[in-house]
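Colleague:
This is the structure:
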């Protein structure tokens with residue numbers, strides 16, 4: 003006999019300690035899904051999970067470094083151990099330390115490549131064998147409007163987000179039984195801008211962020227993609243503030 007618990011999807015979310023990841027965890031838990039939160043800031047995860055539980059939701063959490071494949075694999079195993087299944091992986095963790103190429107902030111370039119590209123690949127590598135085995139599953143990968151356009155100071159960041167789209171599209175074409183969704187947010191209230199160390203880039207972004215949408219707007223887009231019937235694959239959603247030109 004199946005129970006409601008047997009049909010409640012289990013969703014693994016990286017970068018869940020703030021911004022879009024946190025908003026997504028809260029919304030999905032409110033909708034009755036079971037969420038597993040991962041990020042480096044365990045204290046934030048603990049607080050978010052506790053609040054979700056206090057409101058009747060189901061949430062677990064684990065410290066996670068998406069740049070480490072073994073850590074990501076352990077995160078997937080943790081979700082299975084806690085809930086007995088895994089249905090969706092939201093690859094949300096990301097960095098955005100913008101700067102002009104001529105500034106040569108090579109360490110920051112490498113950090114973006116590690117988190118924004120390798121982190122997504124590790125999320126796919128960790129869950130894909132399970133999804134293939136069960137012949138179902140969904141990856142929701144966070145790209146950006148920076149995955150569609152290139153902006154001054156954002157060449158490397160945009161490159162990483164173009165890569166997220168390309169990886170996702172390749173996975174979609176290779177998969178007949180796994181759903182793949184790319185979410186591309188416009189200017190959104192998150193902590194991404196706090197990773198910028200270059201003064202010129204920070205000033206440019208400050209003007210760019212005069213009109214922002216809340217992280218919950220992106221969470222609703224993610225929820226929409228997840229809640230579709232099993233034979234419906236929402237491939238890409240772009241969500242911008244009204245009036246954002248590019």
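In our numbering, the protein residues as written are 3 to 248. Built from N, CA and C at the ideal position, the CB exists for glycine as well.
Check whether the stretch 28–38 touches the stretch 230–241, counting contact only when three or more Cβ pairs, one atom from each stretch, lie closer than 8 Å.
Modeller: These segments do not touch.
Colleague: Taking buried to mean at least 16 other C-beta atoms within 10 Å of its own C-beta, is residue 52 buried or exposed?
Modeller: Reading the chain shown from its first residue, position 50 is the one you call residue 52. Its Cβ having fewer than 16 others within 10 Å, residue 52 is exposed.
Colleague: Verify whether the separation of the beta carbon atoms of residue 142 and residue 92 is less than 9 Å.
Modeller: The residue given as residue 142 occupies position 140 in the chain shown. The residue given as residue 92 occupies position 90 in the chain shown. A contact, by the Cβ cut-off of 9 Å.
Colleague: Any chance the stretch 48–64 sits against the stretch 14–31, with 3 or more Cβ pairs inside 8 Å?
Modeller: Yes: at least three Cβ pairs fall under 8 Å.
Colleague: Could you please give me the residues that DSSP links to residue 1 through a beta bridge?
Modeller: No statement about residue 1 is possible, as the shown extent of the chain runs from 3 to 248 and does not include it.
Colleague: What does the Cβ neighbour count give for residue 136, buried or exposed, with the cut at 16 atoms within 10 Å?
Modeller: Your numbering for residue 136 matches position 134 in the chain shown. Exposed, because fewer than 16 other Cβ atoms sit within 10 Å of the Cβ of residue 136.
Colleague: For residue 231, which residues does DSSP report across the bridge?
Modeller: The residue you call residue 231 lines up with position 229 of the chain shown. Residue 231 is not bridged to any residue.
Colleague: In terms of DSSP beta bridges, what is residue 181 paired with?
Modeller: Along the chain shown, one-based indexing puts residue 181 at 179. In the DSSP output, where bridge partners are listed per residue, residue 181 has 140.
Colleague: Suppose the cutoff is 7 Å on Cβ atoms and the five residues either side in sequence are ignored; what does the same chain contact list for residue 126 look like?
Modeller: Numbered from its first residue, the chain shown carries residue 126 at position 124. The residues are 141 and 173.
Colleague: Among all the DSSP beta bridges, which residues are the ones paired with residue 26?
Modeller: Translated into positions along the chain shown, residue 26 becomes position 24. Answer is none; residue 26 lacks a bridge partner.
Colleague: Please name the residue, chosen from 20, 187 and 236, that lies closest to residue 151 on a Cα-to-Cα basis.
Modeller: The sequence position of residue 151 within the chain shown is 149, counting from 1. Here the closest residue by C-alpha is 187.
Colleague: Compute the Euclidean distance between the alpha carbons of residue 69 and residue 118, then round it to the nearest angstrom.
Modeller: Residue 69 sits at position 67 when you count from the first residue of the chain shown. Residue 118 sits at position 116 when you count from the first residue of the chain shown. Approximately 9 Å, taken between the alpha carbons.
Colleague: Tell me which residues share the same chain as residue 59 and place their Cβ nearer than 7 Å to its Cβ, disregarding the 5 neighbours each side in the sequence.
Modeller: The count along the chain shown starts at 1 and reaches residue 59 at position 57. So the qualifying residues of the chain are 31 and 32.
Colleague: Answer with buried or exposed for residue 178, where buried requires no fewer than 16 other C-beta atoms within 10 angstroms of its C-beta.
Modeller: Translated into the one-based positions of the chain shown, residue 178 becomes position 176. Its Cβ having fewer than 16 others within 10 Å, residue 178 is exposed.
Colleague: Using alpha carbons as the reference points, say which of 155, 216, 147 and 75 lies closest to residue 184.
Modeller: In the chain shown, the residue the question calls residue 184 occupies position 182. With distances taken between Cα atoms, residue 184 lies closest to 147.
Colleague: Between 242, 218 and 236, which lies nearest to residue 21 when the distance is taken from Cα to Cα?
Modeller: By 1-based counting over the chain shown, the position of residue 21 is 19. Nearest C-alpha to residue 21: 218.
Colleague: Would you mind working out which of 214, 199, 181 and 120 sits nearest residue 155, comparing C-alpha positions?
Modeller: The residue you call residue 155 lines up with position 153 of the chain shown. The shortest Cα separation from residue 155 among 214, 199, 181 and 120 belongs to 199.
Colleague: Look at residue 144 and residue 220 and say whether their C-beta atoms are less than 9 Å apart.
Modeller: As a first step, residue 144 is located in the chain shown; it is residue number 142 there, counting from the start. As a first step, residue 220 is located in the chain shown; it is residue number 218 there, counting from the start. It is a contact, given that the beta carbons lie within the stated cut-off.
Colleague: Could you check how far apart the C-beta atoms of residue 122 and residue 180 are, in whole angstroms? I think they sit under 8 Å.
Modeller: One-based indexing of the chain shown puts residue 122 at position 120. One-based indexing of the chain shown puts residue 180 at position 178. Wrong, their Cβ atoms sit about 15 Å apart, outside the cutoff.
Colleague: Quick check: what's the CA-CA separation for residue 9 versus residue 95?
Modeller: Position 7 of the chain shown holds residue 9. Position 93 of the chain shown holds residue 95. So the alpha carbons of these two residues sit roughly 27 Å apart.
Colleague: Measure the alpha-carbon distance for residue 176 versus residue 134 and round it to whole angstroms.
Modeller: Translated into positions along the chain shown, residue 176 becomes position 174. Translated into positions along the chain shown, residue 134 becomes position 132. Each residue's alpha carbon lies about 11 Å from the other.
Colleague: So, helix, strand or coil for residue 190, using DSSP?
Modeller: On the chain shown, residue 190 is found 188 positions in, with the first residue counted as 1. It is a strand residue.
Colleague: Between which two residues does the beta strand (DSSP E) holding residue 14 run?
Modeller: Taking the chain shown and counting its residues from 1, one reaches residue 14 at position 12. Where residue 14 is concerned, the enclosing beta strand (DSSP E) stretches over 12–16.
Colleague: Report yes if the C-beta distance between residue 81 and residue 14 is below 9 Å; otherwise report no.
Modeller: Within the chain shown, the letter at position 79 stands for residue 81. Within the chain shown, the letter at position 12 stands for residue 14. The answer is yes: Cβ separation under 9 Å.
Colleague: Please name the residue in 246, 242, 245 and 224 whose C-alpha comes closest to that of residue 236.
Modeller: The residue you call residue 236 lines up with position 234 of the chain shown. Among 246, 242, 245 and 224, the Cα nearest to that of residue 236 belongs to 224.
Colleague: What is the rounded straight-line gap between the Cα of residue 245 and the Cα of residue 190?
Modeller: Here residue 245 corresponds to residue number 243 of the chain shown, with the count starting at 1. Here residue 190 corresponds to residue number 188 of the chain shown, with the count starting at 1. Cα to Cα, the separation comes out at about 13 Å.
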